[in-house]
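Student: The structure follows.
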Amino acid sequence: MTTTHSPILLDANQPAARPYRGGAGIARFRGLPFGGDDRTPEDFVGSTTTVHGSDAVGLTTLPDGTLLRDAITADPSGFLGPEHVGRFGTDPRLLVKLLNTGERLFVHAHPGDDFAHSVLHEPYGKTEAWIVMEGESEAWLGFTHDVSADDVAGWFERQDAAAMLAAMHRVSLRAGDTLLVPAGLPHAIGPGLTIVELQQPVDLSLLLEYAGRPGLDAGSALLGLTLAETMPALRTTALTTEELAGLRGTLGDASAPVGRLFPTAADPFFAAALLRPALSVQLAPGFSIVVVTEGGGTLSWSAGELGVSRGTTALIPYGAGFVTFAGDLTAIAAFPPGR
Numbered sequence: 416m417t418t419t420h421s422p423i424l425l426d427a428n429q430p431a432a433r434p435y436r437g438g439a440g441i442a443r444f445r446g447l448p449f450g451g452d453d454r455t456p457e458d459f460v461g462s463t464t465t466v467h468g469s470d471a472v473g474l475t476t477l478p479d480g481t482l483l484r485d486a487i488t489a490d491p492s493g494f495l496g497p498e499h500v501g502r503f504g505t506d507p508r509l510l511v512k513l514l515n516t517g518e519r520l521f522v523h524a525h526p527g528d529d530f531a532h533s534v535l536h537e538p539y540g541k542t543e544a545w546i547v548m549e550g551e552s553e554a555w556l557g558f559t560h561d562v563s564a565d566d567v568a569g570w571f572e573r574q575d576a577a578a579m580l581a582a583m584h585r586v587s588l589r590a591g592d593t594l595l596v597p598a599g600l601p602h603a604i605g606p607g608l609t610i611v612e613l614q615q616p617v618d619l620s621l622l623l624e625y626a627g628r629p630g631l632d633a634g635s636a637l638l639g640l641t642l643a644e645t646m647p648a649l650r651t652t653a654l655t656t657e658e659l660a661g662l663r664g665t666l667g668d669a670s671a672p673v674g675r676l677f678p679t680a681a682d683p684f685f686a687a688a689l690l691r692p693a694l695s696v697q698l699a700p701g702f703s704i705v706v707v708t709e710g711g712g713t714l715s716w717s718a719g720e721l722g723v724s725r726g727t728t729a730l731i732p733y734g735a736g737f738v739t740f741a742g743d744l745t746a747i748a749a750f751p752p753g754r
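Residues in the sequence shown are numbered consecutively from 416, following the numbering used here.
In structure tokens, the structure reads:
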């Protein structure tokens, strides 16, 4: 069994046959050759979450061959800490992904907690947030005006993606931008972006657009629900420009050694900090997932030290104690709620 008192470097974990193209950007970010499978646009980092409909796809395997899910179950306090276990049990309550868009993603939304509980019988819905590492493109988020159920039904029946996108806010995205995407908001992401995504740990998407996407039809696009059953999960009222501005952000002051990345509305779901150690920066004991986005340096704790560089992904267990990052590097530290 892997000791819970050492940070763990994680290999790529990219489920195959996802319903959109991508993956080359993840290989480039990790410094690995791209195998040519462009249906691997997501890397589940430190994952105890499975792809919807699967019992195993998406789970992280640790270097000793143990599933992370099983290792946490065997030693929850060592991985997650007693306070977290007291609140949430053995569930990390966090999924971090690397995501690379080889094409524009479909217009879709994720259900919120109430809908996931009552209709899908899942433990929670899916609020997510993005940190753009590479590329320049755009995204569509929320409707610019109130739309009716008839509007949505017409778009869905005709698979009129152009009309859906025309009714949504169009926002530019480039490296260094951040965006919080609350559950229920319809959205799409443009091509050519490599993103670190934090999300609630569940694979639930309601696709308003599915035509021409491999393996999708009207039933699977909506998780087996009818459109009428899906409507309560969608925000069809206008997202105001003020609300949109409150969801957007950037990596901030380049001179700050630690910076908060998302607005406080993200706190019930997850949190993230940007680490830019001029000399060194220390994280207090707790579970986190770290993605090194630029440069290189060291990750050290009381019992050892690891070299890290752009493309490194690491799991920091509570039992590692205080962890220090040093060097000419930039990293994102992702935390479950309550950190």
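Glycine included, every Cβ here is placed at the ideal spot set by N, Cα and C. Because the structure is a prediction, the values reported are computed rather than measured.
Within 10 angstroms of the Cβ of E644, are there 16 or more other Cβ atoms? Answer buried if so, exposed if not.
Tutor: exposed
Student: Return the chain-ordered list of same chain residues with a C-beta closer than 8 Å to the C-beta of F737, the five sequence neighbours on each side being excluded.
Tutor: Q697, L698, A699, P700, W716, S717
Student: What number of angstroms, rounded off, separates the C-alpha of A564 from the C-alpha of R663?
Tutor: 28 Å
Student: In or out: S462 buried (at least 16 other Cβ within 10 Å) or exposed?
Tutor: buried
Student: Could you tell me the alpha carbon to alpha carbon distance between S552 and H525, rounded to whole angstroms?
Tutor: 22 Å
Student: Take P434 and list the residues in its own chain whose beta-carbon comes closer than 7 Å to its own, dropping the five residues that flank it on each side.
Tutor: R628, P629, G630, L631
Student: In or out: T641 buried (at least 16 other Cβ within 10 Å) or exposed?
Tutor: exposed
Student: Less than 8 Å between the CB atoms is what I'm expecting for N515 and I441, so what's the real figure, rounded?
Tutor: N515 to I441, Cβ: 5 Å. Contact.
Student: Provide the residue span of the beta strand (DSSP E) that contains V460, from first to last.
Tutor: 457-460
Student: Starting from R508, trace the alpha helix (DSSP H) in both directions and tell me its first and last residue.
Tutor: R508: not part of any alpha helix (DSSP H); DSSP gives it neither H nor E.
Student: Could you name the residues that DSSP lists as bridge partners for G674?
Tutor: Per DSSP, L689.
Student: Looking only at its chain, what residues have a beta carbon closer than 8 Å to the beta carbon of L483, apart from the 5 residues adjacent to it on each side?
Tutor: Excluding residues within five positions, the ones whose Cβ falls inside 8 Å are G461, S462, T463, L474, T475, T476, L477, L730.
Student: Could you check what DSSP says for S552 in three-state terms: helix, strand or coil?
Tutor: Three-state DSSP puts S552 in a strand.
Student: Does the distance from the CB of P732 to the CB of R508 come in under 8 Å?
Tutor: no
Student: Span of the beta strand (DSSP E) holding S724?
Tutor: 719-724
Student: Residues bridged to G710 by DSSP?
Tutor: L744
Student: If you run the structure through DSSP and keep just helix, strand and coil, what is G477?
Tutor: One point to set straight first is that residue 477 is Leu, not Gly, in the sequence displayed. Reduced to three states, the DSSP call for L477 is coil.
Student: Would you grab the beta carbon distance between A688 and A748 for me? Rounded to a whole angstrom, and I think it's under 8 Å.
Tutor: The Cβ separation is near 5 Å, so the contact holds.
Student: Verify the contact flag: G726, CB atom, against every heavy atom of the ligand SAM, threshold strictly below 7 Å.
Tutor: Ligands displayed in this structure: none; no statement on the ligand SAM is therefore possible.
Student: H584 and E555 - do their beta-carbons sit closer together than 8 Å?
Tutor: Rather than Glu, the amino acid found at residue 555 in this sequence is Trp. Taking 8 Å as the Cβ cut-off, W555 and H584 qualify as a contacting pair.
Student: Would you kindly check if the distance between the Cβ of K541 and the Cβ of L619 is under 8 Å?
Tutor: In contact: L619 and K541 (Cβ atoms closer than 8 Å).
Student: Sort out for me which residues DSSP pairs D470 with in a bridge.
Tutor: In DSSP, D470 forms no bridge with anything.
Student: Terminal residues of the continuous alpha helix (DSSP H) containing P445?
Tutor: Residue identity check: residue 445 is Arg in the sequence provided, not Pro. Run containing R445: 439-445, per the alpha helix (DSSP H) assignment.
Student: What are the start and end residues of the alpha helix (DSSP H) that includes M583?
Tutor: Taken as a continuous stretch (DSSP letters only), M583 belongs to no alpha helix (DSSP H), being part of the beta strand (DSSP E) at 583-589.
Student: Is the separation between the beta-carbon of P430 and that of F459 shorter than 8 Å?
Tutor: yes
Student: Find out if the Cβ-Cβ distance for the pair F558, P601 is shorter than 8 Å.
Tutor: Contact flag set, yes.
Student: Answer yes or no: do P678 and L595 have a C-beta to C-beta separation smaller than 8 Å?
Tutor: yes
Student: Give the single residue among L637, A576, I704 whose Cα lies nearest to the Cα of I423.
Tutor: I704
Student: Let me check understanding here. Comparing Cα to Cα, which of G599, S492, R502, A636 lies closest to E543?
Tutor: G599
Student: When DSSP builds the beta bridges, which residues end up paired with H602?
Tutor: For H602, which the question treats as bridged, DSSP gives the partners H523, L556.
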